[in-house]
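Sequences listed follow chains A and B, in order. Residues in the first sequence are numbered from 1 upward in steps of one, following the working numbering. Residues in the second sequence are numbered from 1001 upward in steps of one, following the working numbering. In what follows, a single structure is set out as structure tokens and then discussed.
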Amino acid sequence: MRLPPRGREQPRRPADDRRPSTAAARGAPRTGQHNAPIRSPGRSNETVTAPPDDCLARNEWICGAYIGSRRQILLDAVLQHLQLTVLSVLIGLALALPLAVLARRWGWAAGPVLALTTILYTIPSLAMFSLLLPLYGLSATLVVAGLVLYSLTLLVRNILAGLRAVPEETRQAARGLGYGPVRVLLTVELPLALPAAMAGLRIATVSAVSLVTVGAIVGFGGLGNLIYAGMNTYFKAQVLTASVLCVLIAVAADLFLLGLQWLITPWTRAGRARVPARRARARTEASRV
Amino acid sequence: MNTLTAAWHWLTDPAHWSGDDGIGHRLLQHLALTVVCLVISCVIALPVALVLGHLGKGGALAVNLSNIGRAVPTFAVLVLLLLTPVGKWGEGPTVVALVLFAVPPLLTNAYVGMREVDRGVVQAARGMGMTGRQMLLRVELPLALPLVMTGVRIAAVQLVATATIAALAGGGGLGRIITAGFNLASTPQVVAGALLVALFALVVEGVFEIAERLAPSWARGGR
């Protein structure tokens, strides 16, 4: 994993530059070998292999030849991007669910849990990744760990809001029918909290897709790697293509989750039970960079 | 723990506090960027949001803008701006990107705040013969103030974070300490820079929290 020479500063990798062992890193693109522009402005001594009237040679923003010739690199970057996003959101979800349930069960735990998540969410992503550097080194695990903390924050808040919005009468009705606490949680409270939780999951996923790009600082940023490399070589087509792909992934992920929500919450289509979701969404307008 | 000790030594070394690359200068840069861009974004976003909220128009745009803002990677926008002619103005790309990402939360929260004002109160104001401008400034704006301020707070915290990432694309501010640390392969410097940035963000959040507590009760909306 080597980045091409930068415009301003020459990067040297801190600490251990070991190959990552996580599955998420396997798709790491070997940038620098292929994706330098054929001729970048101010560097006339580079070898010119393409015909001079090529859109790559002219360093244009939109360039079909770029997509054609770098298909594999783009594919690898998209794959890494997806792996990092999915892994961190799933781990975040696995941690957030018990935390939210516990915070709901024990009222005193809700305050500290929410305060901690607010503090975590306030820390900028670049600082978060940097603070984790001594723990994980330059690895994909570092990026995943940082993203897990952010998705965790969003998910805990939303799931908790969803659980709190379950009407007390509903809970008592279930209890009156002879439901035990576990059964109330699994068959009444969690399904009713689903719309709010899904709203949180959508926000967490879209944020994670855009935050993965910052992982380029440690070399595991999916499409962010291409943006970073493209910045250092003034390669306009690469920066624009990678950015557009990034937005497309975010939109596709959002639509996918919207469809999933539609499938797993058939009762909301009757027009009821939408209120909790909307209320929870109004409280989470913040986004993280 | 060794890294933390080393980071502490890095932070307490007076040599790292002075000069153009020193902590003091970077801190001021970060603060200036945050404050200037917050003012610019407020001047752009708040009048638009207040008028749209008063008229009840453009709601879909105002609310969806922050969803769009979330999907667009800050880093990508910074690099795209750097490669356009804006990139030649020094801090130009940073300022433009910062304003772009601060406007959506301001717009959305101010708009939602205006729309959530009790319709009965607005009707009463109209019944008393208030003009549109009077209703906007004397009735709706004071009642919407808590949410407007929430928007300003979110935008401020967001600005601090965006200004940090700007260092990746060659901008100034505290993020430069982190990127320089990466380039020097100095983990203590990276951690020290990250601590400074995190502390800065938490202080900004804390200032708004305190301001909210000290504000008169009508500005807090009784929440």
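The C-beta atom is built at its ideal place from N, Cα and C for all residues, glycine as well. What you are looking at is a predicted structure, and each value in this text was computed from that prediction instead of being measured.
Where residue i falls: helix, strand or coil (DSSP)
i                  : result
SER1018 of chain B : coil
PHE1208 of chain B : helix
TYR234 of chain A  : coil
GLU60 of chain A   : coil
LYS1088 of chain B : helix
TRP106 of chain A  : coil
ALA25 of chain A   : With a pLDDT of only 37 at ALA25 of chain A, under 50, the local geometry of the prediction cannot be trusted, and the value read off the model is given with reservation. Looking at ALA25 of chain A - three-state DSSP - the assignment turns out to be helix.
ARG202 of chain A  : helix
SER40 of chain A   : At SER40 of chain A, the pLDDT of 46 sits below 50, so the modelled position is not reliable and the matter cannot be decided from this model.
PRO291 of chain A  : This structure cannot settle anything about residue 291 of chain A, because the visible part of chain A is limited to 1 through 289.
ALA216 of chain A  : helix
SER1066 of chain B : helix
TRP1010 of chain B : helix
PRO167 of chain A  : coil
THR265 of chain A  : coil
SER1186 of chain B : coil
Closer than 8 Å to chain B by CB, residue i
i                 : result
ALA250 of chain A : yes
ILE67 of chain A  : no
TYR234 of chain A : yes
PRO134 of chain A : yes
ALA127 of chain A : yes
ILE123 of chain A : yes
ILE119 of chain A : yes
LEU131 of chain A : yes
CYS246 of chain A : yes
GLY92 of chain A  : no
PRO41 of chain A  : Because PRO41 of chain A sits at a pLDDT of 49, beneath the cut-off of 50, its placement in the model cannot be relied upon, and the following sentence gives the value as read from the coordinates. It does not: the Cβ of PRO41 of chain A has no partner Cβ on chain B nearer than 8 Å.
ALA217 of chain A : For the sequence presented, residue 217 of chain A should be read as Ile rather than Ala. Chain B contact via Cβ: present.
ILE62 of chain A  : no
PRO37 of chain A  : Its pLDDT being 48, under 50, PRO37 of chain A is placed unreliably in this model, and the value from its coordinates should be taken loosely. Output row for PRO37 of chain A: interface = no.
Chain A contact for residue i (CB, 8 Å cutoff)
i                  : result
GLU1205 of chain B : yes
HIS1016 of chain B : no
THR1005 of chain B : no
PRO1216 of chain B : no
PRO1073 of chain B : yes
ARG1094 of chain B : According to the sequence provided, residue 1094 of chain B is Thr. The question's Arg does not apply to it. No, no contact with chain A.
ILE1040 of chain B : no
ALA1201 of chain B : yes
THR1164 of chain B : yes
THR1187 of chain B : yes
ILE1023 of chain B : no
GLY1175 of chain B : yes
ILE1178 of chain B : yes
GLY1019 of chain B : no
ALA1194 of chain B : yes
Beta-carbon proximity of residue i to residue j, cut-off 8 Å
i                  : j                  : result
SER210 of chain A  : LEU154 of chain A  : no
CYS246 of chain A  : PRO1216 of chain B : no
LEU1052 of chain B : ALA1060 of chain B : no
LEU131 of chain A  : ALA1194 of chain B : yes
ASN158 of chain A  : GLY200 of chain A  : yes
VAL113 of chain A  : LEU99 of chain A   : yes
THR1227 of chain B : VAL1191 of chain B : Here chain B has residues from 1001 to 1223 only, and residue 1227 of chain B is not among them.
ALA144 of chain A  : ILE249 of chain A  : Per the sequence presented here, residue 144 of chain A reads as Val, with Ala not at that position. Cβ distance not < 8 Å, so VAL144 of chain A and ILE249 of chain A don't count as in contact.
ARG104 of chain A  : LEU163 of chain A  : yes
ALA1125 of chain B : VAL1139 of chain B : yes
GLY242 of chain A  : LEU226 of chain A  : One point to set straight first is that residue 242 of chain A is Ala, not Gly, in the sequence displayed. Result yes, Cβ atoms of ALA242 of chain A and LEU226 of chain A sit closer than 8 Å.
MET1114 of chain B : LEU1065 of chain B : no
LEU142 of chain A  : TYR150 of chain A  : no
VAL184 of chain A  : ALA174 of chain A  : yes
From the options, residue whose alpha carbon lies closest to that of residue i
i                  : options                                    : result
LEU194 of chain A  : A:PHE220, A:ASN232, A:LEU258               : A:LEU258
GLY1173 of chain B : B:ALA1185, B:LEU1004, B:VAL1095            : B:VAL1095
LEU1196 of chain B : B:ARG1126, B:MET1135, B:ARG1026, B:ASN1064 : B:ARG1026
GLY1087 of chain B : B:HIS1030, B:ALA1166, B:ILE1177            : B:ALA1166
ALA1071 of chain B : A:VAL184, A:LEU255, A:GLN261               : A:LEU255
THR1164 of chain B : A:LEU126, A:SER151, A:THR117, A:ARG157     : A:LEU126
PHE1159 of chain B : B:HIS1054, B:GLY1127, B:ALA1198            : Looking at the sequence shown, residue 1159 of chain B is not Phe but Leu. Measuring from the Cα of LEU1159 of chain B, the nearest candidate turns out to be B:ALA1198.
GLY1171 of chain B : B:PRO1093, B:LEU1046, B:ASP1020            : B:PRO1093
VAL188 of chain A  : A:GLY178, A:THR170, A:ALA197, A:LEU223     : A:THR170
GLU1209 of chain B : B:MET1149, B:ALA1161, B:LEU1046            : B:MET1149
GLY1056 of chain B : B:LEU1214, B:TRP1089, B:LEU1136, B:ALA1161 : B:LEU1136
THR1179 of chain B : A:GLY219, A:LEU74, A:LEU102, A:LEU190      : A:GLY219
CYS1042 of chain B : B:ASN1064, B:GLY1181, B:GLY1132, B:THR1108 : B:THR1108
Supposed contact pair residue j and residue i - C-beta distance, whole angstroms, cut 8 Å
i                  : j                  : result
LEU1168 of chain B : PHE1075 of chain B : 6 Å
ALA1156 of chain B : LEU1038 of chain B : 6 Å
LEU1033 of chain B : LEU1106 of chain B : Incorrect: roughly 17 Å between the Cβ atoms, too far for contact.
PRO1188 of chain B : ALA1007 of chain B : 5 Å
VAL1079 of chain B : VAL239 of chain A  : 5 Å
ILE217 of chain A  : PHE1182 of chain B : 6 Å
GLY215 of chain A  : LEU87 of chain A   : Their Cβ separation, rounded to whole angstroms, is 12 Å, which puts GLY215 of chain A and LEU87 of chain A out of contact at 8 Å.
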